[in-house]
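Undergrad: Below: one structure in structure tokens.
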Amino acid sequence: MAEERIEIPDLRRYTLELLRQIPKGKVTTYRALAQALGDKRAARAVGQIMATNEHLEVYPCYKVVHSDGSVGEYSAPGRTAAKIQKLQADGIPIEDGRVVRLREYVFHPFGTEKPLERLRKLQEELAGRVVREAVLSPKDVRTVGGVDLSYPGPWEGVGAYVSVERGTGKVLAGRTHRCEVTFPYIPTYLAFRELPVLLPLLRRVREEGELADVLLVDGSGVLHHRHAGIASHLGVLLDHPTVGVIKRLLYGSVDVKGMQKGETRPVRDPQTGDVIGMAVKTHERADPLYVSIGHKVSLDLAVRLVLELSGKHKLPEPIRRAHELCTREAHVHRRPKGEGAGEIDAGSAAPASSEPQGTPKKPKKPRQMALDL
DNA sequence: GCGACAG
DNA sequence: ATCTTGTCGC
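According to this note's numbering, the first sequence is numbered sequentially starting from 670.
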């Protein structure tokens, strides 16, 4: 079978590049940019991208205001006052922190391929390939893996994989993978942020022969607006059984009041009435988890594994351990508060890294606008 | 008041 | 997810 490939855009860069289309004397809004990306729900992500813009001379993020005309924040030196001054220098009239007659100054018609539209279609196609039945009988599930991510910074991810033996709970393997992340968190598009971290990690795990029989993923499976959460993406792309596990409901309806430990209740698709997941009470005094099919498992098997592997904790062991692993790994490399060229503290926890510190940075060659996975 | 959004 | 001290409850 041909290796599955999927093209994920560098949405951070794509969004920043859009800023250069704004004509002199005009502004735009977070929402307009989100619509240029293909989904107005990405407005907050646009804000995150602007807030971490490191090239103020190249990408004029000061030109982005709220759709009600209020100027909004400016993370660069001078904060909002500086943003207002720059806008006024461009001839934009501002009163009381708002752009006067915004409609006359706002720019909408971006030249764009609306990348998020393509990604939604990709999700729909992938949903059609999800196998909703188990390919193994429960007794043949010997090992269960868990995956999770942590973020040392908004554009840097650490993925972790842990596998445990069913029954004994013995930890069999643990691996992490750290890399740059160029796709922001956008509700319902989580897979495109995390796949570039998890796929390389899990392909390596598989090469090493350490891939567990079933994978528990910290994210939704078919319990998703387009029935294509990250657990399903991973399952289909790896052609491997996966289960989606989330702590907060993304989509679907269920009444979870008064649930007892061990109890489960079906989550239904509001549109069709189909059961697309299960609320699972794994801990007496904790909100339930929401479990769904990722790929090649039945909902029954998914729920059974989650319940069985959730000992005295809310999260099933493989995910809990993967969470610990990547959180710890992220912390070790976490940037100091001020972001800039801060020294990594020489505390005892820091691993002995003997990187040559004096390596001169080469001028960046033009980076790719998309990642092939 | 509306919308509601995993990580 | 991340930023964060102590505090309430079982």
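We put the beta carbon where it would ideally sit given N, CA and C, even for glycine.
Which residue wins for smallest C-alpha separation from K839, given the options D1041, P987 and L687?
TA: The candidate whose alpha carbon is nearest that of K839 is P987.
Undergrad: In the DSSP assignment, what are the bridge partners of I677?
TA: Per DSSP, L1040.
Undergrad: Do K950 and E932 have their C-beta atoms within less than 7 Å of each other?
TA: Contact flag set, yes.
Undergrad: To the nearest angstrom, report how far apart L994 and A829 are at their CA atoms.
TA: Cα-Cα distance, rounded: 6 Å.
Undergrad: If you compare alpha carbons, which of T812, G738 and A991 is closest to E977?
TA: Looking at the Cα atoms, T812 is the closest of the given residues.
Undergrad: Which residues mark the beginning and the end of the alpha helix (DSSP H) in which G716 is found?
TA: First-last of the alpha helix (DSSP H) with G716: A712 to A720.
Undergrad: Entirely within the segment 787-823 and at least 3 residues each: give me those beta strand (DSSP E) ranges in chain order.
TA: Correct list: 812-822.
Undergrad: What are the boundary residues of the beta strand (DSSP E) that V1001 is part of?
TA: No beta strand (DSSP E) contains V1001, which is instead part of the alpha helix (DSSP H) from E986 to V1001.
Undergrad: Return the Cβ separation of L1042 and P865 in integer angstroms, given the expectation that the two are a contact with Cβ distance under 8 Å.
TA: That belief holds up - the Cβ atoms of L1042 and P865 are roughly 6 Å apart, short of 8 Å.
Undergrad: Please name the residue or residues paired with L958 in a DSSP beta bridge.
TA: V949.
Undergrad: Cβ of G888 within 7 Å of Cβ of L859?
TA: Yes, Cβ-Cβ distance for G888 and L859 is below 7 Å.
Undergrad: Apply the 10 Å Cβ neighbour rule to S961 and answer buried if 16 or more other Cβ atoms are within range, or exposed otherwise.
TA: Buried.
Undergrad: Look at the alpha carbon of L756 and the alpha carbon of V734, and state the distance between them as a whole number of angstroms.
TA: L756 and V734: Cα-Cα distance of roughly 10 Å.
Undergrad: Going by beta carbon distance, what residues of the same chain come within less than 7 Å of A881, once the five residues before and after it are set aside?
TA: Same-chain partners within the cutoff: T812, V813, G814 and S832.
Undergrad: Please determine if the segment 868-877 and the segment 913-927 are in contact, where contact requires at least 3 C-beta pairs separated by less than 8 Å.
TA: These segments do not touch.
Undergrad: Using DSSP with H/G/I as helix, E/B as strand and the rest coil, what is R847?
TA: Strand.
Undergrad: Quick check: the segment 773-789 against the segment 684-699, are at least 3 beta-carbon pairs closer than 8 Å?
TA: Judged by Cβ distances under 8 Å, the segment 684-699 makes contact with the segment 773-789, as three or more pairs qualify.
Undergrad: Based on the DSSP secondary-structure assignment, which residues constitute the bridge partners of E772?
TA: The sequence given here has Arg at residue 772, not Glu. Paired residue(s): none; R772 is not in a bridge.
Undergrad: Distance check for V972 and E673, CA to CA, integer angstroms please.
TA: Their backbone Cα atoms lie some 28 Å apart in a straight line.
Undergrad: With a threshold of 7 Å on Cβ separation, who are the neighbours of V953 within its own chain once the five nearest residues in sequence on each side are excluded?
TA: Per the sequence presented here, residue 953 reads as Glu, with Val not at that position. These residues qualify, in order along the chain: K930.
Undergrad: Check the DSSP bridge columns for L884 and list the partner residues they point to.
TA: Its beta-bridge partners are G814 and T911.
Undergrad: G921 and V905 look like a contact to me (Cβ under 8 Å); what is the Cβ gap, rounded to whole Å?
TA: Incorrect: roughly 20 Å between the Cβ atoms, too far for contact.
Undergrad: Can you tell me whether S739 is helix, strand or coil according to DSSP?
TA: Correct three-state label for S739: strand.
Undergrad: By a C-beta neighbour count over all protein chains shown, 10 Å radius and 16 as the cutoff for buried, is A948 buried or exposed?
TA: Buried: at least 16 other Cβ atoms inside 10 Å.
Undergrad: Which first and last residues belong to the beta strand (DSSP E) in which E977 is found?
TA: Note, E977: premise wrong, no beta strand (DSSP E); alpha helix (DSSP H) at L968 to L978.
Undergrad: When the Cα atoms are used, what is the spatial distance from R844 to E834?
TA: If you take the alpha carbons of R844 and E834, they lie about 16 Å apart.
Undergrad: Give the straight-line distance between the Cα atoms of R682 and K732, rounded to the nearest whole angstrom.
TA: Going from the Cα of R682 to the Cα of K732 covers about 17 Å.
Undergrad: Hey, quick one: how far does the beta strand (DSSP E) through Y920 stretch, first residue to last?
TA: Element bounds for Y920: n/a, residue is neither H nor E.
Undergrad: If you draw a straight line from the C-alpha of E686 to the C-alpha of Q792, how long is it?
TA: The alpha-carbon atoms of E686 and Q792 are separated by roughly 25 Å.
Undergrad: Among residues of its own chain, excluding the 5 on either side of D956, which ones have a beta-carbon nearer than 6 Å to its beta-carbon?
TA: Here the set comprises nothing.
Undergrad: Find the nearest neighbour of C848 within the set A842, L868, Y854 and G826, judged by alpha-carbon distance.
TA: Checked all of A842, L868, Y854 and G826; the closest Cα to C848 is G826.
Undergrad: What is the residue span of the beta strand (DSSP E) that T933 lies within?
TA: Looking at the DSSP string, the run of the beta strand (DSSP E) that includes T933 is T933 to R937.
Undergrad: Tell me which residues share the same chain as H894 and place their Cβ nearer than 6 Å to its Cβ, disregarding the 5 neighbours each side in the sequence.
TA: Closer than 6 Å at the Cβ level, and outside the excluded window around H894, lie T857 and Y920.
Undergrad: Should M1038 go down as buried or exposed, given a rule of 16 or more other Cβ atoms within 10 Å for buried?
TA: Its Cβ having fewer than 16 others within 10 Å, M1038 is exposed.
Undergrad: Which residues in the same chain as G741 place their Cβ atom closer than 7 Å to its Cβ, once the five residues preceding and following it in sequence are excluded?
TA: For G741, where only same-chain residues beyond five positions count, the Cβ hits under 7 Å are V734 and H735.
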